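Written below as structure tokens is the structure these notes are about.
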Amino acid sequence: MKKISKIHLKKIFKREIKFLINGITDISNPYHFFYLSTKTKKNIVSRTIVLRNLDENPLAIYFNADYRSPKVKQLISNNLCSVLFYDNKRKIQLRANCEAFINYNNNISKKIWIKTPLQSRKCYMGKYAPSINLKEWHPNIPIEYLKKDPQKKDSESGYDNFTVVKIIINNLDILELHHDGHIRFNVDSDKNFTFVAP
Ligand SMILES: Cc1cc2nc3c(=O)[nH]c(=O)nc-3n(C[C@H](O)[C@H](O)[C@H](O)COP(=O)(O)O)c2cc1C
């Protein structure tokens with residue numbers, strides 16, 4: 004039987020942080036996307052999200068969203084959430100219990116907005132709040148910008164709806180699948196490593 008030590012777990016953790024950092028810019032890395040689950044009064048809701056940034060200490064990830072969207076409203080009323088990543092090639096799952104913080108109209112949202120390309124800015128210029136029901140199809144970006152990007156000056160109106168969500172990872176569960184015995188462990192916010200039954 005193979006022997007797995009805590010040193011091995013720390014190596015896996017460090018390697019996965021590197022993969023996450025790569026996933027910020029590398030769209031072919033499965034960690035470029037993750038699934039975020041939030042709580043409403045009645046349900047749990049999950050959706051796909053693009054990973055935009057990562058802080059190592061304390062461990063946190065960032066994504067962009069429309070301030071009017073249900074996910075942002077849900078996180079404002081209950082900031083506890085869960086995130087899930089899966090790399091099917093390497094057979095690794097990351098699952099985390101998290102706390103979200105909404106950056107709206109502050110230094111952080113401004114800094115990211117300035118770097119947001121015009122093509123992405125138009126996603127925040129829709130007249131409807133995301134996820135509301137419509138009587139008929141509408142792309143929810145200004146029709147004049149369906150096939151071209153807005154002028155920079157016009158695009159600034161999107162900032163009214165732009166948020167950067169910071170998700171602090173309090174507890175990370177790492178599962179690595181192997182034919183000769185899966186490896187699973189937990190990393191808490193103080194970077195304590197605990198073996199977990201796979
Ligand atoms: C590949 C992919 C990436 C997405 N990335 C984001 C994202 O980074 N931020 C976001 O707010 N919504 C993103 N979405 C849309 C959400 O999954 C969701 O459908 C939408 O934001 C409405 O979510 P809500 O009603 O739960 O707020 C993405 C969808 C897909 C399919």
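In our numbering, each residue carries its 1-based index in the sequence shown increased by 3.
Glycine included, every Cβ here is placed at the ideal spot set by N, Cα and C.
Note that the structure is a prediction, hence the values are computed from the model and not measured.
{"Check": "Would DSSP call V48 helix, strand or coil?", "Outcome": "strand"}
{"Check": "Spatial neighbours of N25 within its chain, please: C-beta separation below 7 Å, excluding the five flanking residues on both sides.", "Outcome": "N32"}
{"Check": "If we count the other Cβ atoms within 10 Å of its Cβ and call it buried at 16 or more, is I79 buried or exposed?", "Outcome": "exposed"}
{"Check": "On the premise that K125 lies in contact with G161, defined as a C-beta separation below 8 Å, what is that separation, rounded to the nearest angstrom?", "Outcome": "7 Å"}
{"Check": "In this structure, what does DSSP give as the bridge partners for D69?", "Outcome": "F165"}
{"Check": "Exposed or buried, D69, counting other C-beta atoms within 10 Å across all chains shown (16 or more means buried)?", "Outcome": "buried"}
{"Check": "Using DSSP with H/G/I as helix, E/B as strand and the rest coil, what is Q96?", "Outcome": "strand"}
{"Check": "Considering Cα atoms alone, identify which of K6, I171 and K155 is closest to A99.", "Outcome": "I171"}
{"Check": "Where DSSP assigns a beta bridge to N174, which residues make up the other side?", "Outcome": "N100 and D191"}
{"Check": "Can you tell me which of P133, A63, D29 and Q96 puts its alpha carbon nearest to the alpha carbon of P73?", "Outcome": "P133"}
{"Check": "Might you give, ordered along the chain, the residues of its own chain that have their beta carbon closer than 6 Å to the beta carbon of N139, omitting 5 neighbours on each side?", "Outcome": "Asn is not the amino acid found at residue 139; the sequence shown has Glu there. Once the five neighbours on either side are set aside, E139 has no close Cβ partner at all."}
{"Check": "Would you say I105 touches ligand 1, meaning its beta carbon is less than 7 Å from a heavy atom?", "Outcome": "no"}
{"Check": "Could you spell out the range, first to last residue, of the alpha helix (DSSP H) harbouring L87?", "Outcome": "Per DSSP, L87 belongs to no alpha helix (DSSP H); it is in the beta strand (DSSP E), L83 to D90."}
{"Check": "So if DSSP puts T28 in a beta bridge, which residue, or which two residues, is it bridged to?", "Outcome": "Answer is none; T28 lacks a bridge partner."}
{"Check": "Once DSSP output is grouped into helix, strand and coil, what is the label at V75?", "Outcome": "helix"}
{"Check": "Quick one: what does DSSP say K42 is sitting in, helix, strand or coil?", "Outcome": "strand"}
{"Check": "Check whether the segment 34 to 50 and the segment 77 to 92 touch, using three or more Cβ-Cβ pairs below 8 Å as the test.", "Outcome": "yes"}
{"Check": "How long is the line joining the alpha carbons of K150 and H141, rounded to whole angstroms?", "Outcome": "15 Å"}
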